[in-house]
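**Q** Residue numbers (the working numbering), protein chains in the order written: chain A, 1 to 144; chain B, 145 to 288. Cβ atoms here follow ideal geometry from the backbone N, Cα and C, with glycine treated the same way. As the structure is a computational prediction, the values presented were derived from the model and not from experiment. Got a structure for you, written out below as structure tokens; questions coming shortly.
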DNA sequence: AGCTTACTTGACTATTATAGTCAGGTGAGT
DNA sequence: ACTCACCTGACTATAATAGTCAAGTAAGCT
């Protein structure tokens, strides 16, 4: 797993939108400026998120993008898979993007990387946008 | 962290050499054939490993490469860092390859990825070549 | 010594991914 | 009907990946 700029911008944009008032639309230009992202690149990303059912949009004067799914239902894992592909460190231990790679026959190496994949997948599948925007004190899973 | 063909070949070659008799030299052609790797690409990799002090070599008739460091002292982490760079999923949580990336200001995202980085680094720094070549039963950390 | 073997060096190439940009089109609201 | 802001698809530049290639150097055998 390797986060790219595209994937990081997508996460940041979602976090931004999750923090807005429900049913409020935010313009691309605004999000881009506030988060310091290239606006046209961000637009590309928001459109992908829209096509995948995360965002709704409105054209014209008070238009923009808004979140249409509950932030509690959006995991980091699915967003990263959408933009950056496999969570696994190598395709031969990936569930969603499996492909054989050179190490596939070395069972003990595979086991090590599978353990890593499992940890990453578990962590990112259990972390939602809501967790990310929650104030420090309320974060679920935080030490008591 | 993302394993590339280069990194996977490096690990496999080291595993291969760690299994050979001490002080025995293996030819590039032999390793390449047995492991199904492109010989000239493998050569490039073995030379990098030699320059980094993992291997020794001998020219001529009974020449080849051999391991010169104890397999217990070679961790997967260092090999992967040498060929594929950072273990972290993004440079902004990397210790050895730090660079600021877009998510750096979103503390709770950073925390998630730092946890992932820590797990990967811990696992790969604790796993040595010797662990990889050990027969199933003796593997340290295996369930009793 | 000379030949063969096999490591060694450095440059070179093709393909793919990444990080964007750009021009023009569509629909909502005033 | 005009403006704003989304929308579409194609386009570009740079870098990384996965190799290949040609020429050289050193070791050992005859």
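Looking only at its chain, what residues have a beta carbon closer than 7 angstroms to the beta carbon of residue 39(A), apart from the 5 residues adjacent to it on each side?
**A** 28, 29, 32
**Q** Measuring only the C-alpha atoms, how far is residue 116(A) from residue 60(A)?
**A** 46 angstroms
**Q** Specify the secondary structure class of residue 209(B) as computed by DSSP and reduced to three states.
**A** strand
**Q** Smallest Cα separation from residue 147(B): which of 114(A), 16(A), 82(A), 49(A)?
**A** 114(A)
**Q** Mind checking which residues open and close the alpha helix (DSSP H) that includes residue 108(A)?
**A** 107–126
**Q** What residue does the beta strand (DSSP E) around residue 58(A) start on, and which one ends it?
**A** If you look at residue 58(A), you'll find it in the beta strand (DSSP E) that goes 55–58.
**Q** Taking the continuous alpha helix (DSSP H) assigned at residue 187(B), which residues delimit it?
**A** 183–195
**Q** Does the structure place the stretch 192–210 of chain B close enough to the stretch 127–134 of chain A that three or more beta carbon pairs sit under 8 angstroms?
**A** no
**Q** What's the call for residue 22(A), buried or exposed, on a 16-neighbour Cβ count within 10 Å?
**A** Exposed, by the Cβ-count rule.
**Q** By the 8 angstroms beta-carbon criterion, what residues does the stretch 243–256 of chain B contribute toward chain A?
**A** 245, 246, 247, 250, 252, 253, 256
**Q** Can you say whether residue 81(A) is buried or exposed, counting buried as having 16 or more other CB atoms within 10 angstroms of its CB?
**A** buried
**Q** Can you tell me where the alpha helix (DSSP H) with residue 103(A) in it begins and where it stops?
**A** Residue 103(A) -> no alpha helix (DSSP H), and no H or E assigned at all.
**Q** Is the Cβ-Cβ distance between residue 245(B) and residue 236(B) less than 8 angstroms?
**A** With contacts defined by Cβ atoms closer than 8 angstroms, residue 245(B) and residue 236(B) form a contacting pair.
**Q** Comparing C-alpha positions only, which one of 68(A), 41(A), 121(A) sits nearest to residue 50(A)?
**A** 68(A)
**Q** Would a C-beta distance cut-off of 8 angstroms place residue 264(B) and residue 181(B) closer than the cut-off?
**A** no
**Q** Given that a residue counts as buried once 16 or more other Cβ atoms are within 10 Å of its Cβ, and exposed if not, what is residue 157(B)?
**A** buried
**Q** Which whole-angstrom value describes the C-beta separation of residue 123(A) and residue 254(B), a residue pair presumed to lie in contact below a C-beta threshold of 8 angstroms?
**A** Actually they are not in contact, since the Cβ atoms of residue 123(A) and residue 254(B) sit about 14 angstroms apart, beyond 8 angstroms.
**Q** Near residue 64(A), what residues of its chain come up, given a Cβ to Cβ distance below 6 angstroms and the 5 sequence neighbours on each side ignored?
**A** 25, 26, 27
**Q** Would the beta-carbon of residue 250(B) fall within 8 angstroms of that of residue 15(A)?
**A** yes
**Q** Using a Cβ-Cβ cut-off of less than 8 angstroms, give me the residues of the stretch 75–91 of chain A that come near chain B, in sequence order.
**A** 76, 89, 90
**Q** Look at the Cβ atom of residue 154(B), then the Cβ atom of residue 215(B), and state whether they are nearer than 8 angstroms.
**A** For residue 154(B) and residue 215(B), no; Cβs fall outside 8 angstroms.
**Q** What's the C-alpha gap between residue 83(A) and residue 189(B)?
**A** Approximately 31 angstroms, taken between the alpha carbons.
**Q** Which word fits residue 86(A), buried or exposed, when buried means at least 16 other C-beta atoms lie within 10 angstroms of its C-beta?
**A** buried
**Q** I'd like the span of the alpha helix (DSSP H) that includes residue 93(A), first residue to last.
**A** That residue, residue 93(A), is in no alpha helix (DSSP H); it is neither H nor E in DSSP.
**Q** Under 8 angstroms Cβ to Cβ from residue 199(B), same chain only, skipping five residues before and after it: list those, please.
**A** 161, 190, 193, 209, 210, 211, 212
**Q** Could you give the DSSP three-state label for residue 73(A): helix, strand or coil?
**A** helix
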